[in-house]
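Shown next, in structure tokens, is the structure this report addresses.
There are 2 protein chains.
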Amino acid sequence: MRKLIMGIDIGGTKVAGGLVTARGRLVKSLILPTHARRGYAASLSQIMAVIRQLHDAAGGPGALEGIGLLAPGPLNPHTGLVINPPNLPGWKNVKLAEKVERQFGVKAKVENDANAAGLAEVLFGAAVGYRHVFYVTVSTGIGTGIIINKKIYHGSNGVAGEGGHVSIDYQSPYRCGCGSFGCIEALAAGPAMARRAQVRLIQDHLAPSLLRDLTGGQLNRVTPQLIAQAAERGDALAKSIVEETGLFLGVWLAGMIALFDPDAIVMGGGVAQIGKPLFQAVRNTIPRHSINPHLARRTPLLPAKLKKNVGIYGAAALFLRAGVEAENF
Amino acid sequence: MRKLIMGIDIGGTKVAGGLVTARGRLVKSLILPTHARRGYAASLSQIMAVIRQLHDAAGGPGALEGIGLLAPGPLNPHTGLVINPPNLPGWKNVKLAEKVERQFGVKAKVENDANAAGLAEVLFGAAVGYRHVFYVTVSTGIGTGIIINKKIYHGSNGVAGEGGHVSIDYQSPYRCGCGSFGCIEALAAGPAMARRAQVRLIQDHLAPSLLRDLTGGQLNRVTPQLIAQAAERGDALAKSIVEETGLFLGVWLAGMIALFDPDAIVMGGGVAQIGKPLFQAVRNTIPRHSINPHLARRTPLLPAKLKKNVGIYGAAALFLRAGVEAENF
Numbered sequence: 130m131r132k133l134i135m136g137i138d139i140g141g142t143k144v145a146g147g148l149v150t151a152r153g154r155l156v157k158s159l160i161l162p163t164h165a166r167r168g169y170a171a172s173l174s175q176i177m178a179v180i181r182q183l184h185d186a187a188g189g190p191g192a193l194e195g196i197g198l199l200a201p202g203p204l205n206p207h208t209g210l211v212i213n214p215p216n217l218p219g220w221k222n223v224k225l226a227e228k229v230e231r232q233f234g235v236k237a238k239v240e241n242d243a244n245a246a247g248l249a250e251v252l253f254g255a256a257v258g259y260r261h262v263f264y265v266t267v268s269t270g271i272g273t274g275i276i277i278n279k280k281i282y283h284g285s286n287g288v289a290g291e292g293g294h295v296s297i298d299y300q301s302p303y304r305c306g307c308g309s310f311g312c313i314e315a316l317a318a319g320p321a322m323a324r325r326a327q328v329r330l331i332q333d334h335l336a337p338s339l340l341r342d343l344t345g346g347q348l349n350r351v352t353p354q355l356i357a358q359a360a361e362r363g364d365a366l367a368k369s370i371v372e373e374t375g376l377f378l379g380v381w382l383a384g385m386i387a388l389f390d391p392d393a394i395v396m397g398g399g400v401a402q403i404g405k406p407l408f409q410a411v412r413n414t415i416p417r418h419s420i421n422p423h424l425a426r427r428t429p430l431l432p433a434k435l436k437k438n439v440g441i442y443g444a445a446a447l448f449l450r451a452g453v454e455a456e457n458f
Numbered sequence: 130m131r132k133l134i135m136g137i138d139i140g141g142t143k144v145a146g147g148l149v150t151a152r153g154r155l156v157k158s159l160i161l162p163t164h165a166r167r168g169y170a171a172s173l174s175q176i177m178a179v180i181r182q183l184h185d186a187a188g189g190p191g192a193l194e195g196i197g198l199l200a201p202g203p204l205n206p207h208t209g210l211v212i213n214p215p216n217l218p219g220w221k222n223v224k225l226a227e228k229v230e231r232q233f234g235v236k237a238k239v240e241n242d243a244n245a246a247g248l249a250e251v252l253f254g255a256a257v258g259y260r261h262v263f264y265v266t267v268s269t270g271i272g273t274g275i276i277i278n279k280k281i282y283h284g285s286n287g288v289a290g291e292g293g294h295v296s297i298d299y300q301s302p303y304r305c306g307c308g309s310f311g312c313i314e315a316l317a318a319g320p321a322m323a324r325r326a327q328v329r330l331i332q333d334h335l336a337p338s339l340l341r342d343l344t345g346g347q348l349n350r351v352t353p354q355l356i357a358q359a360a361e362r363g364d365a366l367a368k369s370i371v372e373e374t375g376l377f378l379g380v381w382l383a384g385m386i387a388l389f390d391p392d393a394i395v396m397g398g399g400v401a402q403i404g405k406p407l408f409q410a411v412r413n414t415i416p417r418h419s420i421n422p423h424l425a426r427r428t429p430l431l432p433a434k435l436k437k438n439v440g441i442y443g444a445a446a447l448f449l450r451a452g453v454e455a456e457n458f
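So the protein sequences, as listed, match chains A and B.
For the first sequence, our numbering begins at 130 and goes up steadily by one.
For the second sequence, our numbering begins at 130 and goes up steadily by one.
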């Protein structure tokens with residue numbers, strides 16, 4: 130009998146878990162609330178409850194290859210330590226992998242979400258068949274994962290792959306959550322798109338825009354979704370925000386191609402759902418900012434394939450051998 | 130008897146070669162003019178003459194572990210192909226590694242200079258004992274080498290590690306040789322420093338500066354060396370150019386630390402010879418632009434150790450096993 134892999138995606142609001150086959154098929158899944166605000170003991174107990182139920186459904190420790198755990202950062206994938214995540218109040222230097230291993234007698238690994246999602250895309254998502262992949266998810270923040278030879282590159286302290294905090298405009302007035310300026314996250318993530326639209330609506334205060342109607346004139350109601358919607362309906366200001374987002378991502382990815390010379394780039398996350406207008410703007414920009422435009426044009430920019438349950442797949446991917454073929458995608 | 134490694138550094142003006150022990154000691158070296166302008170046959174013959182003399186000095190093919198060849202780019206280290214280097218007129222898709230292997234019966238590899246120099250620093254230079262190292266050489270251009278697990282990371286097409294063409298200021302008026310704007314090479318390499326000083330002398334045309342005297346008022350005579358000299362003598366404008374160079378390099382390296390989480394950064398090249406004032410400015414900047422200032426501060430920024438003959442050592446490093454101890458540095 131082929132062994133199953135358990136993937137657990139621990140978020141601030143819910144714990145999602147699943148059993149995945151060696152070929153990447155999800156055979157059982159389960160969600161419980163995290164109860165993060167009730168503190169460490171309560172949230173740990175919810176996580177353990179999800180693992181327990183899936184463990185029993187799988188048929189005990191002998192049926193499991195491993196348990197992959199995606200936890201909120203900061204964490205250390207080398208040691209399985211969850212350090213002090215803002216999303217999990219009361220957690221401090223928790224040896225989560227060790228705890229799970231001891232309780233269930235199954236090998237466990239802890240990983241951050243972008244790294245794991247990148248690996249999952251390579252093993253059974255958009256980048257099957259590629260070895261060196263730069264993965265990016267653009268949503269509330271910008272997370273990246275560096276996959277080299279179908280493995281996550283972790284760096285010296287396990288915190289490599291923070292590509293969202295590479296600045297393409299160090300003089301930018303847009304401050305990043307990390308304290309620096311012009312990081313791609315501060316320019317192109319969802320909240321950054323909304324901020325740029327707000328600034329434009331104020332500066333160009335006479336310009337008509339659907340965004341004024343869609344938000345009832347309340348600037349703080351601008352969202353990337355509304356921008357995408359207005360752009361689709363032909364709104365010039367909204368379109369320019371989408372195009373500018375593509376420009377920023379393109380300049381940044383040109384740099385990533387120069388550094389990594391990847392087989393492919395995979396782009397996912399909520400903002401990437403804008404789809405063609407955004408991807409086209411990125412693709413137009415990359416060669417114009419590349420040392421080797423021909424090569425840059427040939428590096429595929431693929432939309433992420435794993436959307437629903439990407440966390441479970443990502444966690445499970447930590448125990449999948451590279452090279453397995455996708456079964457069900 | 131321990132085998133020797135031959136390192137050949139092919140430049141536009143000279144071919145430097147040497148025999149290096151497995152522990153990184155140079156036991157014999159030799160230089161001939163490249164005669165690049167006389168065309169393909171002439172320059173190839175000079176290269177082969179250097180290899181022949183060293184081959185005979187070593188005691189024939191049995192005495193050699195391999196021949197490392199640093200050639201001007203673009204080239205493909207996977208196939209040993211030298212594509213069409215501007216510095217070697219008449220060369221077009223030359224299978225240099227294959228040619229050398231066939232002629233001498235010894236395994237040969239072709240590599241670019243920054244990658245090889247980075248590897249040499251890890252194997253027997255400034256970064257001995259480190260596994261993941263980001264190497265940068267700041268001179269006429271900015272070359273980088275990504276060393277992962279004591280090996281050169283080549284990427285998909287063998288052209289990874291072009292970190293000089295990562296832009297930190299895509300809106301910068303400073304155009305890069307690659308066509309993009311604000312690449313670190315366009316801001317912080319030697320010629321870029323000179324250009325920035327020239328612009329400042331023009332803009333702030335009433336500001337006194339030693340640079341006006343040192344160049345006899347001829348702006349095109351400004352060099353990084355003169356800037357360093359003036360800065361050392363306390364010239365405010367020259368000092369600000371050095372500090373700005375450190376700021377640019379620091380912003381950029383903060384991004385490289387976020388991506389690679391390296392054990393160490395090694396910085397060499399002519400501009401790095403400015404030494405302390407430059408390194409201090411870089412070190413001050415990095416944490417201020419880092420997502421993890423504590424970690425960034427702990428990542429050592431080391432001056433390169435291999436200066437003279439770095440090309441020969443770099444070429445030889447292609448055949449050195451990781452983990453050997455330095456003998457003579």
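In this text, a Cβ means the ideal position worked out from N, Cα and C, and glycines have one as well.
Count the other C-beta atoms from every protein chain shown that fall within 10 angstroms of the C-beta of B:Leu198, then say buried if there are 16 or more, exposed otherwise.
With 16 or more Cβ atoms within 10 Å of its Cβ, B:Leu198 is classed as buried.
Which residues DSSP lists as bridging B:Asp298, in chain order
Beta-bridge pairing links B:Asp298 to A:Asp298.
Would B:His261 be called buried (16 or more neighbouring beta carbons within 10 Å of its own) or exposed?
Around the beta carbon of B:His261, a 10 Å sphere encloses 16 or more other beta carbons of the protein chains shown; the residue is thus reported as buried.
Beta-carbon proximity list for B:Val400, same chain, < 8 Å, skipping 5 on both sides
Hits under 8 Å: Val267, Ser268, Ala317, Ala318, Gly319, Met322, Pro353, Thr374, Leu407.
Since A:Gly443 contacts A:Ala187 with CB under 8 Å, what's their CB separation in whole angstroms?
Their Cβ separation, rounded to whole angstroms, is 19 Å, which puts A:Gly443 and A:Ala187 out of contact at 8 Å.
If we ignore side chains and look at the alpha-carbon of each, how far apart do B:His334 and B:Leu340 end up?
For B:His334 and B:Leu340, the gap between their C-alpha atoms comes out near 12 Å.
Is the beta carbon of A:Ile441 less than 8 Å from the beta carbon of A:Ala145?
In contact: A:Ile441 and A:Ala145 (Cβ atoms closer than 8 Å).
Pairs of beta-carbons, one from the stretch 158 to 170 of chain A and one from the stretch 139 to 156 of chain B, closer than 8 Å: are there three or more?
Inter-segment contact for the stretch 158 to 170 of chain A and the stretch 139 to 156 of chain B is absent: fewer than three beta-carbon pairs are separated by less than 8 Å.
For A:Phe448, which of helix, strand or coil comes out of DSSP?
If DSSP states are grouped into helix, strand and coil, A:Phe448 belongs with coil.
Three CB pairs or more closer than 8 Å across the stretch 378 to 389 of chain B and the stretch 407 to 421 of chain B
Under the 8 Å Cβ criterion, the stretch 378 to 389 of chain B counts as touching the stretch 407 to 421 of chain B, having at least three qualifying pairs.
Which residue from B:Leu431, B:Ser296, B:Ser285 puts its Cα closest to that of B:Pro391?
Of B:Leu431, B:Ser296, B:Ser285, the residue nearest in Cα terms is B:Leu431.
Could you name the residues of the same chain whose beta carbon sits closer than 8 Å to that of B:Arg131, not counting the 5 residues immediately before and after it, in chain order?
Within the same chain, B:Arg131 has close Cβ partners Thr150, Ala151.
Would you give the residue range spanned by the beta strand (DSSP E) that A:Val265 belongs to?
Note, A:Val265: beta strand (DSSP E), 262 to 267.
Give a yes or no on whether the minimum CB-CB distance between A:Leu424 and chain B is below 8 Å.
Interface residue, yes.
For B:Ala365, the first and last residue of its enclosing alpha helix (DSSP H):
Element bounds for B:Ala365: 365 to 389.
With a Cβ-Cβ cutoff of 8 Å, do B:Gly141 and B:Thr163 count as a contact?
Judged by beta-carbon spacing, B:Thr163 lies within the 8 Å limit of B:Gly141, meaning their Cβ atoms are closer than that value.
For A:Val351, three-class secondary structure by DSSP
It is coil, neither helix nor strand.
Nearest neighbour of B:Leu217, chosen from B:Val371, B:Asp298, B:Pro201 [CA to CA]
Out of B:Val371, B:Asp298, B:Pro201, B:Pro201 has the C-alpha closest to the C-alpha of B:Leu217.
Within 8 Å of any Cβ in chain B, is that where the Cβ of A:Tyr477 sits?
This structure leaves residue 477 of chain A out entirely; chain A is present only between 130 and 458.
Unbroken stretches of the alpha helix (DSSP H), 4 residues or longer, contained in the stretch 223 to 292 of chain B
List check, alpha helix (DSSP H) in window: 225 to 233, 242 to 253.
Helix, strand or coil: how does DSSP classify A:Asn438 here?
Coil, per DSSP.
Residues in the stretch 335 to 347 of chain B with C-beta within 7 Å of chain A's C-beta atoms, listed in sequence order?
For the stretch 335 to 347 of chain B, the set of positions with a beta-carbon nearer than 7 Å to some beta-carbon of chain A is empty.
In the DSSP assignment, the alpha helix (DSSP H) including A:Ser174 goes from what residue to what residue?
Counted as a single uninterrupted DSSP element, the alpha helix (DSSP H) harbouring A:Ser174 occupies residues 169 to 187.
Local conformation of B:Asp392 per DSSP, three classes
Here DSSP, grouped into helix, strand and coil, assigns B:Asp392 to coil.
For B:Ile148, name the three-state secondary structure that DSSP assigns.
Note that residue 148 of chain B corresponds to Leu in the displayed sequence, not to Ile. Correct three-state label for B:Leu148: strand.
Does A:Asp138 come out as helix, strand or coil in the three-state DSSP assignment?
Assignment of A:Asp138 by DSSP, reduced to helix, strand and coil, places it in the strand class.
Segment limits, alpha helix (DSSP H) that includes B:Pro203
Neither: B:Pro203 is in no alpha helix (DSSP H) and is coded neither H nor E.
With DSSP collapsed to three states, give me the class of A:Lys143.
In this structure, A:Lys143 counts as strand in the three-state DSSP scheme.
Please compile the residues from chain B whose C-beta is within a distance smaller than 7 Å of the C-beta of A:Val380.
Identification of chain B residues near A:Val380 by a Cβ-Cβ cut-off of 7 Å yields Ser296, Tyr299, ordered along the chain.
Compare the C-beta of A:Asn349 with all C-beta atoms of chain B and state if any pair is closer than 8 Å.
For A:Asn349, not one C-beta of chain B is nearer than 8 Å to its own C-beta.
If you check the beta carbons only, do B:Leu252 and B:Leu449 fall under 8 Å apart?
Cβ atoms of B:Leu252 and B:Leu449: closer than 8 Å.
If I follow the unbroken alpha helix (DSSP H) through A:Ile160, where does it start and stop?
For A:Ile160, no alpha helix (DSSP H) run applies; the uninterrupted beta strand (DSSP E) run containing it begins and ends at 155 to 162, by DSSP.
So A:Ala89 and A:Ala255 are in contact, right, with Cβ under 8 Å, and what is the actual spacing, rounded?
The requested residue 89 of chain A is not part of the displayed model; chain A covers only 130 to 458.
Give the straight-line distance between the Cα atoms of A:Thr428 and A:Pro422, rounded to the nearest whole angstrom.
If you take the alpha carbons of A:Thr428 and A:Pro422, they lie about 10 Å apart.
Who are the neighbours of A:Ile420 on chain B, taking C-beta pairs under 7 Å?
Going along chain B in sequence order, the residues near A:Ile420 (Cβ under 7 Å) are Glu291, His294, Cys307.
Grab me the residues of B:Ile277's own chain with a C-beta within less than 6 Å of its C-beta, minus the 5 sequence neighbours each way, in chain order.
Same-chain partners within the cutoff: His261.
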